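**Q** Heads up: the sequence lines are chains A and B, in that order.
In this text, residue positions in the first sequence follow the numbering used here: the first is 1, and each later residue adds one.
In this text, residue positions in the second sequence follow the numbering used here: the first is 1001, and each later residue adds one.
Backbone N, C-alpha and C define an ideal beta-carbon position, used for all residues, glycine too.
What you are looking at is a predicted structure, and each value in this text was computed from that prediction instead of being measured.
What follows is a single structure, and I will ask about it in a moment.
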Amino acid sequence: MLGIRDVKIMTMTGGTIEKGNVLLEDGKIRACGRDADLSPCIKVIDGKGRVVTPGLIDAHTHVGLSESGVGREGTDTNEGTNPLTPSLSVRDGINMQDQAFEIFRRSGITTVGILPGSGNILGGTGLALKCKGAIVDEAVLKDPIGMRAALGENPKGNYGGQRKSPATRMGNAALLRGALQKATDYLDKLNHPRDEKGKTRDKDSEALLPVIKGEIPLIVHVHRHDDIVTVIRICKEFGVKCILDHVTDGHLVKDLMKRENIHCGVGPSMHYGSKVENKDRDFRTPVVFHREDIPFCFITDHPVVDGRNLILTASIATQWGLPDDSALKAITLASAQHLGVDECVGSIEPGKDADLVLWSGNPMEYTTFVDMTIIDGEIVYERGMYQC
Amino acid sequence: MLVVKGAKIYPGTGAVLENGVMIIDDQGKIREIGQNQSVGEADQFLDFTGKVIIPGLIDAHTHVGMWGDGEGRSGYDGNESVRPITGEVRALDAVNPRQISFAGAREGGITTIQILPGSGNPIGGLGFACKTQGTVIDDMVVKHPTGLKGATGENPKRAHGESQKQAPATRMAVASMIREYFKDAQIYGDKKKKAEEEGKPFDKDLNLESGLMVLKKEIPFRVHAHRHDDIVTVIRICEEFGIEYTIEHCTDGHLIAEYLGKKNVTAMVGPGLSAASKVETKDITDQNPAILARHGVNVCLMTDHPFLNCRYFLQYAAIAHKHGLSFEDTLRAITINPARALGIEDRVGSLEVGKDADFVVLNGEPFSYKGSIARTYIEGQLVWEREAY
């Protein structure tokens, strides 16, 4: 049992508790509050009035896949040889020794969403993972969280340049629609076997079955407003679920977003206009989403923006009018909801995973340090260990 | 006359002015600055009570206006990497003042920038300094040229050796080509001088003219170097030719800080907040500016826009401050240090009498998230204002 005493606890679901205690047992939060009894604890950390938040969650990264400081040998982000690769699993490309994992722990990030790149129309399945350990299979929190899809400039740029389809947004949509149609027909054949002999296995349709059955969402890379509209159109045609990532132009179609109530991973907000389709990137998107009650979290798309800036992204958003508590939710609880793992992580509540960050002060303040990061009840980073 | 009053002013040089007063003339110059100025016949008063004013920020290394920001490939003009030695190209000829990056710079409180060619070539071309507001780049220029861009390490190797199967393919060739360039420029300079003395006609070589300016110490050599050994190589070559230089990026500087301090190096450190996108940047740390400053290196922070979006220059400075760069050193690293390193400190870099009235109005202290940028002024003119989304 591990206890933390005398901390301001920002729970995300139950308000903020001043001068509280947190009790951790068997990797879970056992109790939190002013009266939580720490007497059975073997070790008690004295918070000295510092702040505890849930572990931060970066819902869209390529950590371990697009490795820091390694160059081409450490890049396994896009299987850019075929625009339809739904049978790939990101789990097979993650290097847990990527130095970024250590930087994430130092930055208070305890859970990440890891997705294949956006070069393909269907890129494979993504997963949610704890930033701990050396074995990917032991770190996985949920796999799959969804099927990676992408519209807009990336797929058409990758393949159009090779004189292959997709070369246009029409081609993008047609390939996505074609794959979903094929998988729908495939499921129909599985459900109504007519000719056993003629049945051939189709690995792509097989991989899309959980999407068609509504078990997992499409996680769709979209920037431009019309790409957002297109993906909603296609998903409705097939009755499949989706969540949207980047959503740079989302505020331009806010009424549609609001009506459809689709969860959005907004970002990387600190990046520049690296493409025409994201030229209008700024903090207007999350501020409008907050005002309109469109569910969203922040993403860094690490390494596009380095994951250690996740907290900074939230701080900057407050300068544009996002309230502090909403900004913090957008990198904890809302991120957990985006990934579909909010039953386990994203807030400080009894029964949830013991993923916590101890901050030297107000987490939103630029100069505040992460003093300690805890994942599943284990201290995975303590400031001072690496300071020079 | 414009009178700015009420704010706490950090002039950048000299003491902090609580409830400061700044009087700006019609040419956009600071006529007076202090605490007890009599303010009689002003045309306009700006009362910034409760706000904080700092000098307009100077981002000493950017590619603002030339990297296709929001424009895609058609707006990309960063590297003339068809051959490795391009001393004749000028960033000035490739900058689009209407690109969104200029608006981003103003939003980020940046009033002056240096724009340099990219790092694909060992000799990349001439850079310049300009204000961040305007429609005609020539009217925005503060100084041209401010330096000759050079590059070492992975970028020139990749742009040439790997992509085009031509030299340089190794760090050895990068160094050798830089050396040969300056040797050629020396010989060229001698020939030119002789021709002038003899009154003979002489064919100008615009590529070598740039090198000659460096050799004559009219401009420094500004060299992209991340890895520690690349930094050391740059110093070695520059000392061989007795030329002035700045180290651009200086990512591994913290590993050789004592050596750099001994050499009185000026380092443009950045882009901040970055990922380790290459092998040569694997040891990137937010502590680099603090460690360099502690060892006596003249530190200027920079965004290398677009690699760190220049909108977030002040946040980068705050993070450098968090990791040990003192408040004063941090403020200097984004104002007066780069002004001096660019040779434009007579006009910008601090709020002093006679200088341009380039300043930023903050809602709180500069390195706090409560100190968001409210307004940016260039030469007394409002060029950006925060509006509610």
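Could you tell me which chain A residues have their CB closer than 7 Å to the CB of G1070/B, listed as they occur along the chain?
**A** G273, V276, K279
**Q** Under the DSSP definition of a beta bridge, which residues are partnered with M147/A?
**A** T125/A, L218/A
**Q** According to the Cβ coordinates, are E1280/B and H1224/B closer than 8 Å?
**A** no
**Q** When the distance is taken between beta carbons, is I42/A closer than 8 Å to L84/A?
**A** no
**Q** Comparing the C-beta of T75/A with each C-beta of chain B, is any distance below 8 Å?
**A** no
**Q** Should R91/A and L65/A be called a contact, given that it needs their Cβ atoms to be closer than 8 Å?
**A** no
**Q** Using a Cβ-Cβ cut-off of 7 Å (strictly less than) and excluding sequence neighbours within five positions of E1258/B, which residues of its own chain qualify?
**A** Correct list, in chain order: H1295.
**Q** Assuming V1383/B contacts Y1389/B (C-beta within less than 8 Å), just tell me the rounded distance between them.
**A** At roughly 19 Å, the Cβ-Cβ gap does not stay under 8 Å, so V1383/B and Y1389/B are not in contact.
**Q** Taking 6 Å as the limit between beta carbons, can you name the residues of its chain near K182/A, skipping five residues before and five after?
**A** S205
**Q** According to DSSP, what are the bridge partners of Y1076/B?
**A** W1067/B
**Q** Just the chain B side, please: which residues come within less than 9 Å of W320/A by C-beta, in chain order?
**A** Correct list: S1372, R1386, A1388, Y1389.
**Q** I believe T367/A touches A1103/B by the beta-carbon criterion, under 8 Å. Please report the beta-carbon distance rounded to the nearest angstrom.
**A** Not a contact, Cβ separation roughly 28 Å.
**Q** Relative to chain B, which residues along the segment 342-366 of chain A have a C-beta separation below 7 Å, given in chain order?
**A** Within the segment 342-366 of chain A, the residues whose Cβ lies closer than 7 Å to some Cβ of chain B are M364, E365, Y366, listed in chain order.
**Q** Which term fits M10/A, buried or exposed, when burial requires 16 or more other beta carbons within 10 angstroms of its beta carbon?
**A** buried
**Q** Of all Cβ atoms in chain A, is any one closer than 8 Å to the Cβ of T1376/B?
**A** no
**Q** Given this structure, state the Cα-to-Cα distance separating A1159/B from E67/A, to the nearest angstrom.
**A** 21 Å
**Q** Identify the contact partners of I302/A in chain B, using a Cβ-Cβ distance below 9 Å as the criterion.
**A** Correcting the residue type first, residue 302/A is His in the shown sequence and not Ile. Ordered by position in chain B, the residues that pass the 9 Å Cβ test against H302/A are A1275.
**Q** I need the boundaries of the alpha helix (DSSP H) containing R1031/B, first residue and last residue.
**A** Premise fails: R1031/B lies in the beta strand (DSSP E), 1030-1034, not in any alpha helix (DSSP H).
**Q** With DSSP collapsed to three states, give me the class of G307/A.
**A** Helix at G307/A.
**Q** Buried or exposed: which applies to I1219/B, given that a residue is buried once 16 or more other Cβ atoms fall within 10 Å of its Cβ?
**A** buried
**Q** Ignore the nearest five residues each way along the sequence and tell me which others in H1228/B's own chain have a CB closer than 7 Å to its CB.
**A** Correct list, in chain order: D1252, L1255, I1256.
**Q** Among the candidates A354/A, W320/A, G340/A, whose CA atom is the shortest distance from the CA of V22/A?
**A** A354/A
**Q** Can you tell me where the beta strand (DSSP E) holding R5/A begins and where it ends?
**A** 2-10
**Q** Per DSSP, what kind of secondary structure is F298/A in: helix, strand or coil?
**A** strand
**Q** Given I94/A, which residues of its chain have a CB within under 7 Å of its CB, disregarding the five upstream and five downstream residues?
**A** G64, L65, I114, V136
**Q** In this structure, does DSSP put P1084/B in helix, strand or coil?
**A** coil
**Q** Label A1195/B either buried or exposed according to how many other C-beta atoms from any shown protein chain fall within 10 Å of its C-beta, with 16 as the threshold for buried.
**A** exposed
**Q** Quick check: the Cα distance between E378/A and G27/A, rounded to an integer number of angstroms?
**A** Rounded to whole angstroms, the separation of the alpha carbons of G27/A and E378/A is 7 Å.
**Q** Expressed to the nearest angstrom, what Euclidean distance is found between the alpha-carbon atoms of A1129/B and E1244/B?
**A** Between A1129/B and E1244/B, the C-alpha separation is close to 18 Å.
**Q** Among D226/A, T111/A, T81/A, which one has its Cα closest to the Cα of D58/A?
**A** Among D226/A, T111/A, T81/A, the Cα nearest to that of D58/A is on T111/A.
**Q** Out of K203/A, S360/A, Q319/A, point me to the one whose CA is closest to V51/A's CA.
**A** S360/A
**Q** V1297/B to D1329/B, Cα distance in whole Å?
**A** 11 Å
**Q** What residues from the segment 305-335 of chain A come within 7 Å of chain B, judged by C-beta to C-beta, listed N to C?
**A** D306, N309, L312, S315, I316, T318, Q319, W320, G321
**Q** Where are the beta strand (DSSP E) runs, 3 residues long or more, that stay fully inside the segment 45-89 of chain A, in chain order?
**A** Here the runs fully enclosed are 51-54, 56-61.
**Q** List the residues of chain A that S1368/B touches, going by C-beta distances under 7 Å, in chain order.
**A** E365, Y366
**Q** Less than 8 Å between the C-beta atoms of I374/A and I29/A, yes or no?
**A** no
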